Amino acid sequence: MTHTKDLPTPANPGPFGHAQRKNFLFPEGYTQFNHGSFGTFPKSVQDAMIEWHQRAERNPDLWMRRDLYSSLKQLRTDLGDFLNCSADELALVTNTTQGANTIIRSLDFQPGDRILQFSTGYVSVDKTVEYVCDTLDDVKIVQVPVTYPISDEDLLKKVEETVEAHRQLKDGSRIRLAIVDWISSVPSILHPVHKLVDYLQGEGILVFVDGAHSIGQVPVDLTALHPDFYITNAHKWLFSVRGSAVLYVAKRHQAKIHPTSITGDYKKGFDAEFAWSGTQDYSSLMSISDALKFRKQYGEDAIINYTHRLAVEGGAAIAKILGTNTLTPDDHQVANMVNIRLPIHDFDHPTLKENPNYIMDLMFDKFNVFTPAFKHDGKWWTRVSAQIYLELSDFVRLGNIWKEVCDDLNALVLTNSRQ
Ligand SMILES: Cc1ncc(COP(=O)(O)O)c(C=O)c1O
19 MTHTKDLPTP ANPGPFGHAQ RKNFLFPEGY TQFNHGSFGT FPKSVQDAMI EWHQRAERNP
79 DLWMRRDLYS SLKQLRTDLG DFLNCSADEL ALVTNTTQGA NTIIRSLDFQ PGDRILQFST
139 GYVSVDKTVE YVCDTLDDVK IVQVPVTYPI SDEDLLKKVE ETVEAHRQLK DGSRIRLAIV
199 DWISSVPSIL HPVHKLVDYL QGEGILVFVD GAHSIGQVPV DLTALHPDFY ITNAHKWLFS
259 VRGSAVLYVA KRHQAKIHPT SITGDYKKGF DAEFAWSGTQ DYSSLMSISD ALKFRKQYGE
319 DAIINYTHRL AVEGGAAIAK ILGTNTLTPD DHQVANMVNI RLPIHDFDHP TLKENPNYIM
379 DLMFDKFNVF TPAFKHDGKW WTRVSAQIYL ELSDFVRLGN IWKEVCDDLN ALVLTNSRQ
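And the structure:
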């Protein structure tokens, strides 16, 4: 492990910051502040993806019938090393939504089974649970209500209280599965996932870790975490091409987990069932190997340390410009995405009610930037993503843009009230 003092920092970015812009596809004048939603990838990864694509087209039969399998196997081995687990506990899927559907819709829920989820879970995962509850007899949701900021200890306590309150119902039902975000989406908070897995498994509950944002943003050691199920998007923070995600299923559960699309390999075992998902372009998945190569030249410690520190320092800089605060005062609850309160005085601003895209359009059209704005606990927030191609000066520029947007919105209310 590199000594922390030798790693690039926002004050001393070394190979990161604007020096990285040449490695990405952004046009001159555009700065990307929302890596968290859809990710983006370096040019070298795009070139490599095109090469995988061309390799398939040079001889489709050779690729689809033979070379694809050995290439995917090698990739799973490399990912097993990266995530510290066995390659045969991993499957490659298109995205977290597909991974979550795979797990939640494979489990043989019985009447009386309950699924524990947080009120801040991701919408498509929540809706998958809702679908399962709608289609099965007496399978229901148990929700942990979460409002941020909350300390790790209080979050754990809330989960324990929810599980205990359910136990006290004594109605014959049991919490069978819990879904835990490693890093939630909006607001974006890094959760104490190891402690949550330990506690929930200790209560006899299966745990599915939604780690959509984890690989590439925090160190992931699946042997240490020992979840029952885990999914992560490589196309967010690892830098692979969109449409590439990694699913982990502990060996003891593999017999009951099947892909969302059943193929001719049904009942041939976990490896075979997940290796082939029908005729499709596999080059995005293969680009994960090239993303790993891109990262290796800098090292995970260097990337993770720089982006985390930039999120913390950049978030503080924006909050200072806006005269507000970041959502969590604890740096350890921030990975690369930071939530900053927006000084929009009217929570139910009439312009935003009338046109929910007003802020987004203004940011696209007037300022050529974007970060999501959202409501949480009676206030407006934005989520800003730090990445190796950004510097502190970018955050300062974004802070000034957000100030102008908020001033504009506050003035609109005043103007309207005078009319
Ligand atoms: C926590 C979480 N889960 C699931 C997803 C869904 O990811 P995808 O759209 O790649 O399927 C996201 C997307 O941002 C997310 O933040």
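Positions in the sequence shown are counted from 1; adding 18 to them yields the numbering used here. The beta-carbon is built from N, C-alpha and C at its ideal position, and this holds for glycine as well. Bear in mind that the values here come from a model prediction, so they are computed numbers and not experimental data.
query = Start and end of the beta strand (DSSP E) containing tryptophan 81?
reply = Counted as a single uninterrupted DSSP element, the stretch harbouring tryptophan 81 is not any beta strand (DSSP E), since DSSP gives it neither H nor E.
message = Taking the alpha-carbon of methionine 67 as reference, which of Ser262, Asp79, Trp420 has the nearest alpha-carbon?
response = Ser262
message = Give me the residue from Leu345, Asp383, Pro361 with the minimum Cα distance to valine 204.
response = Cα-wise, what sits closest to valine 204 is Leu345.
query = Would the beta-carbon of leucine 256 fall within 9 Å of that of glycine 234?
reply = yes
Close Cβ partners of valine 111 (< 6 Å) along its chain, the five nearest in sequence each way excluded = Gly117, Ala263, Leu265
key: the segment 217-231 / the segment 313-329 touching (three or more Cβ pairs under 8 Å)   = no
inquiry  = Using 8 Å for Cβ pairs, my map puts leucine 310 next to phenylalanine 100. What's the rounded Cβ distance?
reply    = The Cβ separation is near 6 Å, so the contact holds.
query = If you compare alpha carbons, which of Lys176, Val157, Pro210, Leu214 is closest to arginine 194?
reply = Val157
task = Count the other CB atoms, across all protein chains shown, that sit within 10 Å of the CB of serine 169; report buried if there are 16 or more and exposed otherwise.
result = Per the 10 Å Cβ criterion, exposed.
query = For glycine 57, which of Glu46, Ser202, Asn251, Tyr300 has the nearest alpha-carbon?
reply = Asn251
query = Quick one: Cα of isoleucine 197 to Cα of phenylalanine 226, how far?
reply = Their Cα atoms are separated by approximately 5 Å.
query = What separation, rounded to the nearest whole angstrom, lies between the Cα atoms of leucine 173 and glutamate 179?
reply = 10 Å
query = Looking at the structure shown, is glutamine 315 part of a helix, part of a strand, or coil, going by DSSP?
reply = coil
key: Euclidean distance between Cα positions of asparagine 391 and tryptophan 399   = Reading off the sequence, residue 391 comes out as alanine, not asparagine. Alanine 391 and tryptophan 399: Cα-Cα distance of roughly 6 Å.
request  = Report the three-state DSSP secondary structure of phenylalanine 247 (helix, strand or coil).
outcome  = strand
task = Select from Asp126, Asp379, Lys338 the residue whose C-alpha is nearest the C-alpha of arginine 360.
result = Looking at the sequence itself, residue 360 is leucine, so the reference to arginine does not match. Taking only the C-alpha atoms, the option nearest leucine 360 is Lys338.
key: Nearest candidate by alpha-carbon position, reference threonine 342, set Leu86, His184, Cys424, Lys188   = Shortest Cα-Cα distance from threonine 342 to any of Leu86, His184, Cys424, Lys188 involves Cys424.
message = Using a Cβ-Cβ cutoff of less than 7 Å, which residues in the same chain neighbour methionine 19 once the five nearest sequence positions on both sides are dropped?
response = Caution is warranted here: a pLDDT of 47 is assigned to methionine 19, below 50, making its placement in the model unreliable, and the coordinate value is therefore given only provisionally. Here the set comprises Asp319.
message = Can you tell me where the alpha helix (DSSP H) holding valine 215 begins and where it ends?
response = 211-220
message = Can you tell me whether histidine 184 is helix, strand or coil according to DSSP?
response = helix
ask   = In whole angstroms, what separates the C-alpha of arginine 76 from that of phenylalanine 365?
value = 57 Å
key: Where glutamine 315 falls, given that 16 or more other Cβ within 10 Å makes a residue buried   = exposed
ask   = DSSP three-state call for glutamine 72: helix, strand or coil?
value = For glutamine 72, the three-state secondary structure derived from DSSP is helix.
query = Is the beta carbon of valine 402 less than 9 Å from the beta carbon of isoleucine 358?
reply = Contact flag set, yes.
key: Separation of valine 387 from phenylalanine 51, as counted between CA atoms   = 7 Å
ask   = For the candidate residues Val147, Thr120, His209, whose alpha-carbon lies nearest to that of valine 164?
value = When only C-alpha atoms are compared, the closest one is His209.
request  = Put asparagine 357 into one of helix, strand or coil per three-state DSSP.
outcome  = strand
inquiry  = Tell me the DSSP secondary structure of leucine 125 in three-state form.
reply    = DSSP places leucine 125 in coil when its eight states are reduced to three.
ask   = Within the present structure, is the beta-carbon of tyrosine 140 separated from the nearest heavy atom of ligand 1 by less than 8 Å?
value = Yes, since a heavy atom of ligand 1 falls inside the 8 Å radius drawn around the Cβ of tyrosine 140.
query = Can you check whether the CB of isoleucine 201 is closer than 9 Å to the CB of alanine 353?
reply = yes
Inter-stretch contact at 8 Å, needing at least 3 Cβ pairs: the segment 116-135 / the segment 145-154 = yes
ask   = At a cut-off of 8 Å, is valine 143 close to ligand 1 when judged by its beta-carbon and the heavy atoms of the ligand?
value = Flag set: Cβ of valine 143 near ligand 1.
request  = Measure the alpha-carbon distance for proline 277 versus aspartate 349 and round it to whole angstroms.
outcome  = 38 Å
Continuous beta strand (DSSP E) assignments of at least 3 residues falling wholly in the segment 136-195 = Within the segment 136-195, the beta strand (DSSP E) runs of at least 3 residues that lie entirely inside it are, in chain order, 158-162.
ask   = Do threonine 114 and ligand 1 come close, with the Cβ less than 8 Å from some heavy atom?
value = yes
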